[in-house]
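Worksheet: the structure to be examined is printed underneath.
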Amino acid sequence: MPLTFKFNVLVKAHGMTQFHVIRADGELQVYASPVNLDPREPPIPISRPKEFSKQLADQIGLYRTLGWAEATMALVEGRLDESDFMYDANKAMDDRERIFFKNLESDDWDLFVAAIETTDRVSHMMWRLIDPKHPMYDAALAARYGDSIEKIYRRADDLVGRIEGKLPPGTVYFVMSDHGFHSFRRGVNINTWLVQNGYMVFHGQEGQKKGLADLFGRGKFWEGFDWTRTKAYAVGLGQIYFNLRGREGQGIVSAGAEYKALQDEIAGKLVELRDPDTGEAVMRAVYRRDDIYKGEYLQYAPDLQAGFNDGYRVGWQDTLGQINRTVVENNNRKWSGDHCATATEISGGVLFTNRKISTTSPSIMDLSPTILKLLEVPLPADVDGKPLF
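Note that our numbering has the sequence shown beginning at 495, numbered continuously upward.
Here it is in structure tokens:
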């Protein structure tokens with residue numbers, strides 16, 4: 495449904511929402527989606543060229559414009575149930591398909607990219623129903639919705655086949671995933687571990703005499719840290735940064751031998767970290783900065799990157815640099831599958847193509863130089879990856 499937001503007599507913005515009736519048996523319950531920008535009159539450009547979004551809407555009708563189109567958080571928050579969520583996810587994929595095929599009809603493209611995202615969203619939310627070990631596993635729900643991931647992948651597979659059938663003769667066709675997927679049973683709070691092991695220090699902290707509950711208030715963000723004694727901190731999806739001289743405002747760790755020794759020390763301890771409930775290794779690997787990053791901004795990259803084992807992911811609070819009371823905790827959310835910071839050794843993706851490739855170990859980084867070569871565009875000197883043909 496189109497919406498108009500009037501800020502004053504001269505300024506207004508156009509949006510739209512979708513309604514979904516949840517129940518109408520005596521009590522009416524209706525879910526309204528987050529407001530999307532109206533592609534016919536977006537207050538800011540949402541396509542390039544900017545008139546493309548309107549042209550597309552005129553051709554196929556209104557379509558979702560949110561970057562994250564599926565109602566994942568509505569399921570997390572209990573506003574939708576699993577049935578409603580899957581209905582919404584399939585409607586989002588309907589929009590994608592209409593966009594794909596309308597643009598595929600034109601003959602003025604040299605490169606056509608179709609991003610299928612709904613498989614990711616469904617895997618995030620429904621993994622708990624294919625993993626009996628997950629703390630949010632529900633046998634009754636699994637009996638009804640345990641095939642949701644398979645169904646959405648089968649739909650994606652069908653879409654891939656229909657797209658292939660529409661391609662002009664001689665077209666090079668790739669199907670590539672940008673990540674794998676794993677169960678997210680347990681969250682790991684790296685900052686809590688850093689505090690317990692003396693790498694992060696609070697003002698007034700003396701050794702490990704105080705409990706964590708005494709050192710911080712719930713939800714505090716970077717509050718109370720003693721940066722003159724803190725050597726490392728974590729923020730993001732398993733990224734660990736050192737309090738480096740010359741980079742951080744109150745850095746105390748020197749580049750060179752001290753830096754490398756701290757890398758080895760923390761990485762060595764983290765790979766030995768065990769889940770107190772199961773005894774399993776939490777991390778499969780910890781990657782050092784210079785082994786996985788390069789480029790002119792290398793100095794700003796994380797100094798260590800966690801590589802989690804299956805079933806583990808960085809904790810929810812830890813992603814924003816906050817502290818929790820325990821290092822390893824249950825993930826009691828419906829967001830139950832993930833791919834963030836899982837060790838690359840156990841999280842491969844897939845590559846299908848209708849051309850024979852020249853390597854037995856293709857990388858996602860090879861896609862860009864391959865496309866450039868096919869389009870007869872000179873490869874930049876600093877390009878990552880190698881052409882697959």
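All residues carry an ideal CB built from backbone N, CA and C; glycine is no exception.
- As for any alpha helix (DSSP H) of minimum length 4 sitting wholly inside the region 797 to 883, the runs are 861 to 868, ordered along the chain.
- When DSSP states are grouped into helix, strand and coil, residue 744 belongs to the coil group.
- A distance below 6 Å between beta-carbons, with the five flanking residues on each side excluded, links residue 568 to the following residues of its chain, in chain order: 574.
- By the neighbour-count definition (other C-beta atoms within 10 Å, threshold 16), residue 536 is a buried residue.
- Pairing residue 833 with residue 839, the inter-Cα distance amounts to about 12 Å.
- In the three-state scheme derived from DSSP, where H, G and I count as helix and E and B as strand, residue 498 is classed as strand.
- Under the rule that a run must span 4 or more residues, the alpha helix (DSSP H) segments found entirely inside the region 642 to 709 read 642 to 660, 684 to 690, 706 to 709.
- In the DSSP annotation of this structure, residue 512 is not part of any beta strand (DSSP E), being labelled neither H nor E.
- For residue 650, the CB contacts under 6 Å within the same chain, skipping 5 residues up- and downstream, are 610, 613 in chain order.
- Following the DSSP letters along the chain, one finds residue 735 inside the beta strand (DSSP E) bounded by residues 733 to 736.
- Excluding the 5 residues flanking it on each side, residue 499 has same chain C-beta neighbours closer than 7 Å at 506, 507, 509, in chain order.
- Put simply, of 640, 529, 538 the residue whose alpha carbon is nearest the alpha carbon of residue 577 is 640.
- Here DSSP, grouped into helix, strand and coil, assigns residue 581 to helix.
- The alpha-carbon separation between residue 779 and residue 731 amounts to approximately 14 Å.
- Contact check for residue 868 against residue 666 passes: the beta carbons are separated by less than 8 Å.
- Assignment of beta-bridge partners to residue 553 by DSSP yields no partner.
- Residue 616 sits in a helix when the DSSP states are folded into three classes.
- In the structure shown, residue 768 adopts extended strand secondary structure according to DSSP, grouped into three states.
- DSSP, reduced to helix, strand and coil, places residue 630 outside both helices and strands of the structure shown, so it counts as coil.
- The C-beta of residue 688 has 16 or more other C-beta atoms within 10 Å across all chains shown, which makes the residue buried.
- If you look at residue 542, you'll find it isn't in any beta strand (DSSP E); DSSP assigns it neither H nor E.
- Residues 523 of the same chain have their beta carbon placed closer than 6 Å to that of residue 517, with the five preceding and five following residues left out of the count.
- Looking at the backbone, the Cα of residue 775 and that of residue 602 are separated by about 52 Å.
- 669 is the residue among 669, 605, 597, 654 whose C-alpha sits nearest the C-alpha of residue 849.
- With respect to residue 674, residue 841 sits close: the two C-beta atoms are nearer than 8 Å.
- Around residue 615, the same chain offers 564, 566, 583 as residues with beta carbons nearer than 7 Å, after the five sequence neighbours per side are excluded.
- Non-local beta-carbon contacts of residue 548 in its own chain, meaning distances under 8 Å to residues more than five positions away in sequence, involve 533, 534, 535 in chain order.
- Taking a 10 Å sphere around the C-beta of residue 883, we find fewer than 16 other C-beta atoms and assign the residue as exposed.
- No Cβ-Cβ contact shorter than 8 Å links residue 807 with residue 630.
- Three or more Cβ pairs closer than 8 Å define a contact, and the region 650 to 660 falls short of that threshold against the region 816 to 827.
- Excluding its 5 nearest sequence neighbours in each direction, residue 693 has C-beta neighbours in its own chain below 6 Å: 725, 726, listed in chain order.
- Within its own chain, the residues whose Cβ lies closer than 6 Å to the Cβ of residue 873, once the five positions on either side in sequence are excluded, are 863, 866, listed in chain order.
- Counting every other CB atom within 10 Å of its CB across the protein chains shown gives residue 686 a total of 16 or more, marking it as buried.
- Residue burial is scored here from C-beta neighbours: residue 789 has fewer than 16 other C-beta atoms within 10 angstroms and is therefore classed as exposed.
- Residue 745 and residue 735 have their C-alpha atoms roughly 11 Å apart.
- For residue 783, the enclosing alpha helix (DSSP H) starts and ends at 783 to 786.
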